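Protein chains in written order, with my numbering: chain F, 1117 to 1511; chain E, 1117 to 1511. The C-beta atom is built at its ideal place from N, Cα and C for all residues, glycine as well. Keep in mind it's a predicted model, so treat the numbers as computed, not measured. One structure below.
Number of protein chains: 2
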Amino acid sequence: MSLDIPKGFSANAVRAGIRGRNRLDLGLIVSDTPAVVAGVFTRNIVKAAPVVYDRDLVKSGRARAILVNSGIANACTGAAGMEQVRTCAAMAADVVGTDAAEVLVASTGVIGESLDISCFSNHMDELAAGLAPEGFDLVSRAMMTTDTVPKVSQRRILVNGCEVRVLGLAKGAGMIHPDMATMLAFIVTDAAIAPALLQQILRNKVDTSFNRITIDGDTSTNDTVLVLANGRAANPELRHGEKAAGFAAALGEVLEDLALMIVRDGEGATKMIHVRVNGAVDDLDAARAAMVVATSSLVKTAFFGADANWGRILAALGRSGARFDPEKVTISFGDVTLVENGTAVDGDAEARATRLLQVREIDLFIDLAAGAGAAVYHTSDLSLDYVKINADYRT
Amino acid sequence: MSLDIPKGFSANAVRAGIRGRNRLDLGLIVSDTPAVVAGVFTRNIVKAAPVVYDRDLVKSGRARAILVNSGIANACTGAAGMEQVRTCAAMAADVVGTDAAEVLVASTGVIGESLDISCFSNHMDELAAGLAPEGFDLVSRAMMTTDTVPKVSQRRILVNGCEVRVLGLAKGAGMIHPDMATMLAFIVTDAAIAPALLQQILRNKVDTSFNRITIDGDTSTNDTVLVLANGRAANPELRHGEKAAGFAAALGEVLEDLALMIVRDGEGATKMIHVRVNGAVDDLDAARAAMVVATSSLVKTAFFGADANWGRILAALGRSGARFDPEKVTISFGDVTLVENGTAVDGDAEARATRLLQVREIDLFIDLAAGAGAAVYHTSDLSLDYVKINADYRT
Chain F
1117 MSLDIPKGFS ANAVRAGIRG RNRLDLGLIV SDTPAVVAGV FTRNIVKAAP VVYDRDLVKS
1177 GRARAILVNS GIANACTGAA GMEQVRTCAA MAADVVGTDA AEVLVASTGV IGESLDISCF
1237 SNHMDELAAG LAPEGFDLVS RAMMTTDTVP KVSQRRILVN GCEVRVLGLA KGAGMIHPDM
1297 ATMLAFIVTD AAIAPALLQQ ILRNKVDTSF NRITIDGDTS TNDTVLVLAN GRAANPELRH
1357 GEKAAGFAAA LGEVLEDLAL MIVRDGEGAT KMIHVRVNGA VDDLDAARAA MVVATSSLVK
1417 TAFFGADANW GRILAALGRS GARFDPEKVT ISFGDVTLVE NGTAVDGDAE ARATRLLQVR
1477 EIDLFIDLAA GAGAAVYHTS DLSLDYVKIN ADYRT
Chain E
1117 MSLDIPKGFS ANAVRAGIRG RNRLDLGLIV SDTPAVVAGV FTRNIVKAAP VVYDRDLVKS
1177 GRARAILVNS GIANACTGAA GMEQVRTCAA MAADVVGTDA AEVLVASTGV IGESLDISCF
1237 SNHMDELAAG LAPEGFDLVS RAMMTTDTVP KVSQRRILVN GCEVRVLGLA KGAGMIHPDM
1297 ATMLAFIVTD AAIAPALLQQ ILRNKVDTSF NRITIDGDTS TNDTVLVLAN GRAANPELRH
1357 GEKAAGFAAA LGEVLEDLAL MIVRDGEGAT KMIHVRVNGA VDDLDAARAA MVVATSSLVK
1417 TAFFGADANW GRILAALGRS GARFDPEKVT ISFGDVTLVE NGTAVDGDAE ARATRLLQVR
1477 EIDLFIDLAA GAGAAVYHTS DLSLDYVKIN ADYRT
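Right, dumping it as structure tokens:
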């Protein structure tokens, strides 16, 4: 994909040897001028040092750079870990020529190990020297851990006649679960927008993108989504919701693209399943039902085995807490209806559904016939490779 | 194990060919005289036909027999499934020489398929003809689905100088999760006991046994625990809590034995982990923390990989909802302390913990340092075989 870089941004990534590996693992994103910043972070009460640091910094509403490393998460590292975040931010500020209070820091990788600060100090000059608009591709690779592909999405829109670009990078393949700003995602845009409005749009759009995906029900200590908006598109500053609808839609699409890329690249995943619940008493019940189905180990192993095992889906619905009458439920895979009024449809529906499960992307439609509530969750299957990857991750 | 059968009970099991298989799959347990009955059932709102049927029958407080089949769960089978339960109960009542209202029915296996009633009618005479005290061993095998071993536990106690026997059978290896009377368990005893007291003791003891185990976080449509007490030990009838303490303890031990056997035989399990949380704000917080750790896919795959990955444990605690300060947590595997005050203990603790993870049974101690609350959950690891078993279960 040829990237359409928002004006005034550059990036670079290098091999810093974190955890002794020889791969891109340290990245830097810089705005030439101070940018408006918005962020959402993990709700896990165990927060990595960079999350605690960024959360404070984002409150100021302004930033110029994001320093990101993979390999070590700098989580559960105590006061020493927090001191290392400050040191790294100061080093990056130095090479960028800004104040440490304008440098955000993000880390992903193994929890509990300490960073070797020399990996950062030895490579900071090289990192800064290579800053260029084309560098975003390198950063998208430097963020990867168990990811198998880099994750990039972009949009270009017109705001009051001005061209505005939105470019997003994300990483994530395990420890992925709804109700979190899941894993790392960085979005840069040259839109001019007020800080409070950017934060509000980001929070809304995360709820319907990153907060609607699950891979394994586990949530991270490092989840971070950051947006930098430097205003270089020179549009009249967006200050109110209705005027910002076009920008909000573009940002939402980028976030949803990235969220779906994360599910598609889920650890060991062979399939992506869209769990679409309709007819719930309300949207909350629909979300609850969809989430429990999307996280059920038995449902996810059945999808891996291409087994149209609707009994497991109904059993998961039954423990979800959603209110419905089991004897009124309809379940369909794609256009094949398997269950009507809570019991199996006669004929060859299950055989047709099983054939349908050979593809990589599947729509699972559930109608609870209890109201007008609706929700969708996106999940992956639970495969042999998921277990292999996570039994061996650190060794 | 040589079984010590409570007086006045007999049992038998046969190969009925349910789902076309050639294995023990139909069992019958009979008390010579009417017995007091108590039962607890799944809280899943999708309930199999025999669960709905038994729940009503248990309210009468009396029963004489339990008919159990494996292969097909008779769940999500609508009105036809319920009619089949009544037919099966009537057939069993006929051969036993009792009323259909005194025959309980339990099924386990695939959800959504219909029973072939001829499997029952063709084998009912053979089933009754072979009834004998030694038959409990056969029934424990006929109940198995993905179980690899039958699960039996027994105790003998003195109640007012009378010998009282308690014998329990259980099945279960998948769709196992706390907050349920998990899967099938049948307990027979010759104790004389009032129905309300038996029900009360059963409910209490299930809470600290079956409701504290998890294999995959999924819960069944068929979970059933039944106790038949026929009074043939001729002890003075137990009517009050304090007099029944010895009996309650014995029943509790049998239930806990069976619950731990289920975890040990968890689908694909190579290890059993006892998650012991102390120092929580209260017992509820402790239970919440222990349950989230015990169900985390990332924690369970790490145990499979013999990886002392305490970061995943801390991350799971952090999303559990339990209230604690991450910087005060202590985590130990057996007698090896890995984490103190939320960060790694220096030295070779992790290497020693990794060696400790080679064994089949592991104590995981977590101290939240926030209060006096405590709880324990028992879980299995998440292995390659779990995925294989569940991707292939119906094929």
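- request: For the alpha helix (DSSP H) containing F:N1506, list its first residue and its last residue.
  value: L1500 to D1508
- prompt: Taking C-alpha atoms, which residue in F:K1175, F:F1302, F:Q1316 and F:T1386 lies nearest to F:A1258?
  reply: F:F1302
field: Best match in E:Q1316, E:A1222 and E:K1267 for proximity to E:A1360 [C-alpha to C-alpha]
entry: E:Q1316
E:N1185 (DSSP reduced to helix, strand or coil): strand
message: Taking DSSP's pairing of strands, which residues face F:S1269 in a bridge?
response: F:G1284
task: For F:I1121, collect the residues of the same chain with a Cβ closer than 6 Å to its Cβ; drop the 5 residues on either side in sequence, then sort them by chain order.
output: P1249
- prompt: CB E:D1508 to CB E:A1385, shorter than 8 Å?
  reply: no
- request: Under 7 Å Cβ to Cβ from F:A1492, same chain only, skipping five residues before and after it: list those, please.
  value: Reading off the sequence, residue 1492 of chain F comes out as Val, not Ala. Correct list, in chain order: R1328, H1390, V1391, R1392 and A1406.
Three-way DSSP call (helix, strand, coil) for F:F1419 in this model: helix
task: For the stretch 1383–1413 of chain E, enumerate the residues whose C-beta is nearer than 7 Å to any C-beta of chain F, in chain order.
output: S1412 and S1413
- prompt: So who's on the other strand from E:R1178, going by DSSP bridges?
  reply: E:V1152
- prompt: How many angstroms separate the CA atom of F:F1252 from the CA atom of F:A1286?
  reply: 11 Å
- prompt: If we ignore side chains and look at the alpha-carbon of each, how far apart do E:C1192 and F:I1478 end up?
  reply: 23 Å
- request: Kindly indicate which three-state DSSP category E:D1381 falls into: helix, strand or coil?
  value: coil
message: For E:W1426, tell me which candidate among F:V1152, F:G1228, F:T1411 and F:I1188 has the shortest Cα-Cα distance.
response: F:G1228
message: When you compare the CB of E:D1464 with every CB in chain F, is at least one pair closer than 8 Å?
response: no
task: Apply the 10 Å Cβ neighbour rule to F:N1506 and answer buried if 16 or more other Cβ atoms are within range, or exposed otherwise.
output: buried
query: Which stretch, first to last residue, makes up the beta strand (DSSP E) that contains E:A1431?
result: Unbroken run through E:A1431 is the alpha helix (DSSP H), W1426 to G1434; no beta strand (DSSP E).
task: Classify E:E1466 as buried or exposed, calling it buried when 16 or more other Cβ atoms lie within 10 Å of its own Cβ.
output: buried
query: Closer than 8 Å, CB to CB, is E:I1227 near chain F or not?
result: yes
- request: For F:D1508, decide whether its Cβ has a neighbour in chain C, counting only Cβ atoms nearer than 8 Å.
  value: In the displayed structure, chain C is absent; the protein chains listed are F and E.
query: From what residue to what residue does the beta strand (DSSP E) around F:R1392 run?
result: M1388 to A1396
query: Under 8 Å, do E:L1500 and F:V1503 count as touching if we go by C-beta distance?
result: yes
field: Buried/exposed call for E:S1118, threshold 16 Cβ in 10 Å
entry: exposed
- prompt: Are the beta-carbon atoms of E:V1156 and E:E1242 separated by less than 8 Å?
  reply: no
field: Contacts of E:K1504 in chain F (Cβ-Cβ under 8 Å)
entry: L1500
- prompt: Just curious, the alpha helix (DSSP H) that F:F1481 is in, first and last residue?
  reply: Note, F:F1481: premise wrong, no alpha helix (DSSP H); beta strand (DSSP E) at E1477 to D1483.
message: So that I know if they touch, is there some Cβ in chain E lying closer than 8 Å to that of F:A1431?
response: yes
- prompt: Is it the case that the Cβ atoms of E:S1269 and E:D1373 are separated by a distance below 8 Å?
  reply: yes
task: Mind checking who E:A1164 pairs with in its DSSP beta bridge?
output: E:A1164 is not bridged to any residue.
- prompt: Is F:F1326 helix, strand or coil when you go by DSSP?
  reply: helix
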